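Here's the structure, in structure tokens; my notes come after.
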Amino acid sequence: MQPKINWIDNLRGIACLMVVMIHTTTWYITNAHSVSR
Numbered sequence: 200m201q202p203k204i205n206w207i208d209n210l211r212g213i214a215c216l217m218v219v220m221i222h223t224t225t226w227y228i229t230n231a232h233s234v235s236r
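As structure tokens, then:
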């Protein structure tokens, strides 16, 4: 049971990291597009 919980925690961590990266990329693209003249 421990390995399964560890696998779920790893999957959750990867999902959170992907969400943060996607949000950062979207904000960066929007900010660059807004700043670009």
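Every position in the sequence shown, counted from 1, becomes a number in this note's numbering once 199 is added. Just so it is clear, CB atoms sit at the ideal spot from N, CA and C, and this is done for glycine as well. Predicted model only: the values in this text are computed from it and were never measured.
Rounded to whole angstroms, the gap between the alpha carbons of T225 and N209 is 24 Å. Separation of C215 and H222 (C-alpha to C-alpha, rounded to the nearest whole angstrom) is 11 Å. Distance from the CA of I204 to the CA of I213, rounded to the nearest whole angstrom, comes to 14 Å.
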